[in-house]
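What follows is one structure encoded as structure tokens, with my remarks underneath.
In UniProt numbering, the protein residues as written are 1 to 272.
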């Protein structure tokens, strides 16, 4: 009971902090005349800060934050980092939209560095929260999945780092589930930290660069330009290369028998 109440206190405190950060916005910058300032103020009122759930909301949020970023760069950076860490720490889906937002706000390369850092730190916070408060509850809620993943982790203990990289590169189990179960699997924090940092680079790379390209597209014709197509091709090649190397390594060094995409067991699939 103490662990559940402690987790609730942490979640509530982080939620209040993020709410206050998004509620007390700094005054918007004034670039033009009165009409433009009033239009910007109305835009800020209509576009309340919230986590985007689709591309339309993502584009609107990016435009609003770019508006504030012209004079409040520090505020936008702190807000983005806080929102990202909130999602990662409490295993809330939707990191792809925040990665694309990083590309739109900070550019492809700075956005990638920020996304990789926040992904790793947020996942480590999730690891610590699970280790401190949630191990017993996770085993109770997902007994079969935890047992299967624990068995495979033990079988690949000699190549644990590459086993974790494989799980990060390919959707064999959701990232949020791997974050909360890693303490139960007796994965050292240092191994966990670097497996997240390296293993999610391709995913972050695709999302961030997609966000930076989307911010440059003003019409459908721009999507089929040679420049955009070349960028997408380079992104795909860069993201697929490390995954191909890990897959080749896994075939000869890792024991992955029985593991299906999304963490399904072969035996489970046959019984359905």
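Using N, Cα and C, we set each Cβ at its ideal position, and we do this for glycine too.
C-beta contact flag for residue i and residue j at 8 Å
| i | j | result |
| --- | --- | --- |
| residue 134 | residue 180 | yes |
| residue 61 | residue 101 | yes |
| residue 118 | residue 164 | no |
| residue 94 | residue 51 | yes |
| residue 185 | residue 149 | yes |
| residue 15 | residue 49 | no |
| residue 169 | residue 202 | yes |
| residue 56 | residue 26 | no |
N-terminal and C-terminal residue of the alpha helix (DSSP H) that residue i is part of
| i | result |
| --- | --- |
| residue 56 | 55 to 69 |
| residue 99 | 95 to 106 |
| residue 181 | 175 to 181 |
| residue 79 | 73 to 89 |
| residue 50 | No alpha helix (DSSP H) contains residue 50, which DSSP labels as neither H nor E. |
| residue 151 | 143 to 155 |
Distance between beta carbons of residue j and residue i, contact taken as under 8 Å
| i | j | result |
| --- | --- | --- |
| residue 160 | residue 191 | 6 Å |
| residue 211 | residue 104 | 5 Å |
| residue 10 | residue 128 | Not confirmed; about 10 Å, so no contact. |
| residue 81 | residue 204 | The pair is not a contact, with the Cβ atoms about 15 Å apart (cut-off 8 Å). |
| residue 53 | residue 88 | 17 Å between Cβ atoms; not a contact. |
| residue 76 | residue 69 | 4 Å |
| residue 131 | residue 183 | 4 Å |
| residue 97 | residue 58 | 5 Å |
| residue 193 | residue 120 | 6 Å |
| residue 153 | residue 187 | 7 Å |
| residue 208 | residue 111 | 4 Å |
Three-way DSSP call (helix, strand, coil) for residue i in this model
| i | result |
| --- | --- |
| residue 271 | Unreliable positioning characterises residue 271 in this predicted model, as indicated by a pLDDT of 39, which lies under 50. The coordinate reading is nonetheless provided below. In the structure shown, residue 271 sits in a helix (DSSP, three-state: H, G or I). |
| residue 200 | coil |
| residue 19 | helix |
| residue 290 | Any property of residue 290 remains undetermined from this structure, which presents the chain solely from 1 to 272. |
| residue 185 | coil |
| residue 27 | coil |
| residue 170 | coil |
| residue 92 | coil |
Contact with chain C by residue i, beta-carbon distance below 8 Å
| i | result |
| --- | --- |
| residue 50 | No chain C is part of this structure, which consists of one protein chain only. |
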